[in-house]
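Heads up: the structure comes next, in structure tokens.
2 protein chains.
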Amino acid sequence: MDRIDEQILRLLKGNGRMTSSEIGKHVHLSIPAVSERICKMEERGLIEQFSVKINREKMGFHLLAFIMVQLEKPEHIQAFRTVIQEHEQILECHHIAGEYDYLLKTVSRSPSDLERLISDTVKQVKGVVKTSTLIALSTVKEER
Amino acid sequence: MDRIDEQILRLLKGNGRMTSSEIGKHVHLSIPAVSERICKMEERGLIEQFSVKINREKMGFHLLAFIMVQLEKPEHIQAFRTVIQEHEQILECHHIAGEYDYLLKTVSRSPSDLERLISDTVKQVKGVVKTSTLIALSTVKEER
DNA sequence: GTTGAAACAATTACGCC
DNA sequence: GGCGTAATTGTTTCAAC
């Protein structure tokens with residue numbers, strides 16, 4: 004992980020489909036040299052995966068909300084995690100320290116859709132005793 | 004945006020470098036047909052960009068924290084946004100409704116690094132009157 | 001949408017330092 | 001271990017339909 008690898012990562016972050024020859028022009032390396040560096044970074048787990056950023060607005064998800072969840076007892080964690088993993092509108096779930104136990108990042112099509120997500124999905128999980136929802140009005144920055 | 008486009012998006016989400024020929028085998032379409040669909044989704048803005056998911060842990064960022072920020076007056080927003088955009092450890096910034104005005108998703112190398120981020124960067128911005136930090140203990144799900 | 005030819009990029013094998 | 005060159009293989013692009 005040297006200076007050149009960092010440059011390659013920066014380039015790939017901006018365009019995950021950039022060709023090795025194009026990257027090579029930036030870092031002054033041959034095509035096989037660039038390919039090998041990318042492969043090695045994948046092997047080491049530094050590069051987790053190549054992906055696409057999808058515009059959620061254009062997919063109909065107009066609402067971004069953060070839901071903080073209080074879980075009563077640790078015995079309900081497994082059921083909770085299963086629900087989280089299976090729900091496509093729950094993008095992120097972090098175990099956090101503080102008054103609440105989990106912080107969820109969610110997307111919804113409408114306020115009523117968010118209502119369903121909170122009432123029918125999150126609060127339906129055994130052990131969920133309290134939630135607090137933060138609605139995003141706009142997004143200033145989002146490095147996904 | 005039909006059934007096939009959805010399938011293509013799902014495949015690209017899992018592997019942004021999947022070839023059109025490979026995608027074609029899944030959706031039973033020829034290579035130019037797949038390429039054209041991907042191009043059209045890029046033109047429409049549905050696909051924002053191709054990217055790469057980098058393992059933050061392996062990059063030395065062991066701490067994930069959410070910082071909620073209260074901004075005194077709207078006249079300080081521009082300066083605040085500039086700081087946000089320029090700081091690489093601030094991954095996300097959402098304008099939110101509620102007691103706090105902004106929710107920041109941040110990464111740090113260590114607790115002292117997070118301390119610097121809060122004290123020397125965020126609180127240094129004019130108009131920032133209050134912050135509240137949620138430390139992530141672990142991440143259950145993160146669709147980036 | 002498909003097919004096929006041309007252009008392009010990646011992979012492999014090899015030699016080099 | 002890391003790099004470059006050149007041949008091979010595979011992929012995309014571009015036409016025509």
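Chains as they are written, first to last, in this note's numbering: chain A, 4 to 147; chain B, 4 to 147. By construction, the Cβ of each residue, glycine as well, lies at the ideal position given by its N, Cα and C atoms. In this text, all values refer to a predicted model and were calculated from it rather than measured experimentally.
DSSP three-state assignment for residue i, whether helix, strand or coil
i	result
H79(A)	helix
L74(B)	strand
S111(A)	strand
E51(A)	strand
E118(A)	helix
E89(A)	helix
Cβ of residue i within 8 Å of any chain A Cβ
i	result
K57(B)	The sequence shown places Ile at residue 57(B), not Lys. By this cut-off, I57(B) is an interface position.
G27(B)	no
K133(B)	no
Cβ-based neighbour list, residue i, same chain, cut-off 7 Å, excluding 5 preceding and 5 following
i	result
S111(B)	F64, L66, A68, Q92, L117 and L120
L74(A)	I80, F83, D104, Y105, G130 and V131
Q88(B)	none
Rounded C-alpha distance that separates residue i from residue j
i	j	result
K129(A)	P114(A)	24 Å
S135(A)	S122(A)	12 Å
V125(B)	P35(A)	43 Å
E9(B)	Q52(A)	20 Å
K76(B)	A100(B)	15 Å
H90(B)	N58(B)	18 Å
L15(A)	M21(A)	6 Å
S23(B)	H98(A)	38 Å
Chain B contact for residue i (CB, 8 Å cutoff)
i	result
Q88(A)	yes
E75(A)	no
F64(A)	no
S111(A)	no
H97(A)	yes
Endpoints, alpha helix (DSSP H) assigned at residue i
i	result
E46(A)	I34 to E46
K28(B)	S23 to V30
E9(A)	R6 to G17
Segment limits, beta strand (DSSP E) that includes residue i
i	result
K129(A)	Careful: K129(A) lies outside any beta strand (DSSP E) and carries neither H nor E.
H65(B)	From DSSP, H65(B) is part of no beta strand (DSSP E); its letter is neither H nor E.
Close beta carbons around residue i, own chain, < 8 Å, minus the five adjacent residues each side
i	result
D11(A)	Asp is not the amino acid found at residue 11(A); the sequence shown has Ile there. Cβ neighbours of I11(A) beyond the five flanking positions: I26, V30, V37, R40, I41 and M44.
Own chain residues within Cβ distance below 6 Å of residue i, not counting five before or after
i	result
K56(B)	R147
L107(B)	I70, I93 and C96
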